[in-house]
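Using this note's numbering, you'd call the opening residue of the sequence shown number 9 and step up by one each time.
By construction, the Cβ of each residue, glycine as well, lies at the ideal position given by its N, Cα and C atoms.
This one's a predicted model, so the numbers in the text were calculated from it and none came from an experiment.
A quick write-up on the structure given underneath.
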Amino acid sequence: MNPPADTGGADYNSKMTEHNAAKSITRRGPRIIGRMLFCWSWFVAGALLLIFTPPVLLIGSLAKRQNWIYWWAEWGARTWLRLTGVKVNVTGQEHLDPNQTYVFVANHWSYLDAAPLFAYTGRRMGMVAKKELLKAPILGYGMGFVNVIAIDRSNRERAVETLKIATERLRSGICFGVCPEGTRALPGEMLPFKKGAFHMAVQAGVPIIPIALKNSDVLMGKGTGEAWPGTIEMIMFPPIDTSSVASDEDLGQLVRRVQGVIMKELGVKQLTRRR
9 MNPPADTGGA DYNSKMTEHN AAKSITRRGP RIIGRMLFCW SWFVAGALLL IFTPPVLLIG
69 SLAKRQNWIY WWAEWGARTW LRLTGVKVNV TGQEHLDPNQ TYVFVANHWS YLDAAPLFAY
129 TGRRMGMVAK KELLKAPILG YGMGFVNVIA IDRSNRERAV ETLKIATERL RSGICFGVCP
189 EGTRALPGEM LPFKKGAFHM AVQAGVPIIP IALKNSDVLM GKGTGEAWPG TIEMIMFPPI
249 DTSSVASDED LGQLVRRVQG VIMKELGVKQ LTRRR
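Here you go:
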């Protein structure tokens with residue numbers, strides 16, 4: 009699980025392909041069961057969000073106790089996974105310095121990914137998420153209480169301003185989790201990482217923790233419409249220093265190094281071009 013040596017641009021580009029052969033996902037049971045479990049997982053999420061979250065937001069706001077809302081959000085993420093039949097096995101927490109702020113960077117295969125990233129690193133953190141989440145009832149309102157910042161990637165100026173806000177919070181000591189592919193990849197594939205999270209880490213002067221989330225594509229893969237019980241393996245790697253990044257070329261090498269660490273652990277040989 010040790011990170012590989014940094015890779016150069018030529019090696020990185022050689023991993024790019026128009027169509028990466030996604031790994032074969034073996035169905036774990038009849039399709040109808042998978043569909044029912046998929047519906048159940050979203051029923052549980054809806055119940056936690058719509059029934060229980062409003063009073064927590066109200067009480068936490070009136071009492072000015074943001075930590076209560078954080079506790080609820082972490083508990084809710086863990087409870088959603090448990091009731092969906094998903095366990096999380098975490099390795100690599102020994103790499104974290106309790107006095108250090110980090111940007112946690114992970115691959116993105118499934119709707120399940122945000123929950124372990126938010127609730128199982130052992131660090132209280134914010135996240136950078138799609139702006140579409142602001143439209144979700146209750147969730148959009150509650151995001152601001154737990155430092156989940158919505159980014160509009162279709163508007164460069166707004167995206168830059170959002171990243172500036174996240175960077176300032178990093179400087180204040182709040183860790184952030186990011187899935188820099190920007191969207192879910194198909195099972196077994198990986199998209200090129202966007203650079204926003206890396207800009208944040210460099211500008212705030214904090215290290216990056218690469219995270220490999222394994223098996224989430226098997227349990228609730230993009231395009232399957234199915235969900236299955238099982239275990240997500242969350243592997244955290246040693247921190248990667250960002251203090252030596254002084255140019256766009258350095259930043260590109262940092263992106264390639266971090267993504268290379270995750271690709272190696274997941275067994276992904278090639279990146280898939282965005283369609």
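Taking contact to mean 3 or more Cβ pairs, one atom from each stretch, closer than 8 Å, check whether the stretch 45-59 and the stretch 186-203 are in contact.
no
Output the boundary residues of the beta strand (DSSP E) element that contains E241.
238-244
By the 10 Å Cβ neighbour count, where 16 or more other Cβ atoms means buried, how is E234 classified, buried or exposed?
buried
Which whole-angstrom value describes the C-beta separation of P215 and T175, a residue pair presumed to lie in contact below a C-beta threshold of 8 Å?
Their Cβ separation, rounded to whole angstroms, is 14 Å, which puts P215 and T175 out of contact at 8 Å.
Mind checking who N97 pairs with in its DSSP beta bridge?
E241
For A55, does the three-state DSSP call read helix, strand or coil?
DSSP places A55 in helix when its eight states are reduced to three.
Given this structure, state the Cα-to-Cα distance separating V131 from C183, to the nearest angstrom.
The sequence shown places Arg at residue 131, rather than the Val named in the question. Looking at the two C-alpha atoms, the distance is approximately 7 Å.
Drop a sphere of 10 angstroms on the beta-carbon of S162, count the other beta-carbons inside from all chains shown, and report buried for 16 or more, exposed for fewer.
In this structure S162 is exposed. Its beta-carbon is surrounded by fewer than 16 other beta-carbon atoms within 10 angstroms.
Please state the DSSP three-state secondary structure of K230.
Of the three classes helix, strand and coil, the one that applies to K230 here is coil, per DSSP.
Does the stretch 100-108 touch the stretch 60-74, meaning 3 or more C-beta pairs lie closer than 8 Å?
no
Which of the three DSSP states, helix, strand or coil, is assigned to F112?
strand
To which residues of the same chain is H116 closer than 6 Å at the C-beta, ignoring the five residues directly before and after it?
Counting only Cβ-Cβ distances below 6 Å, and skipping sequence neighbours, we find C187, E189, R192.
Of the residues M244, T232, F126, which one's Cα is nearest the Cα of N155?
F126
Per DSSP, what kind of secondary structure is T190 in: helix, strand or coil?
One detail in the question is off: residue 190 reads as Gly in this sequence, not Thr. Here G190 sits in coil by DSSP.
In whole angstroms, give me the CA-to-CA distance for Y119 and D225.
Spanning the two alpha carbons is a distance of roughly 9 Å.
Looking at the structure shown, is F201 part of a helix, part of a strand, or coil, going by DSSP?
coil
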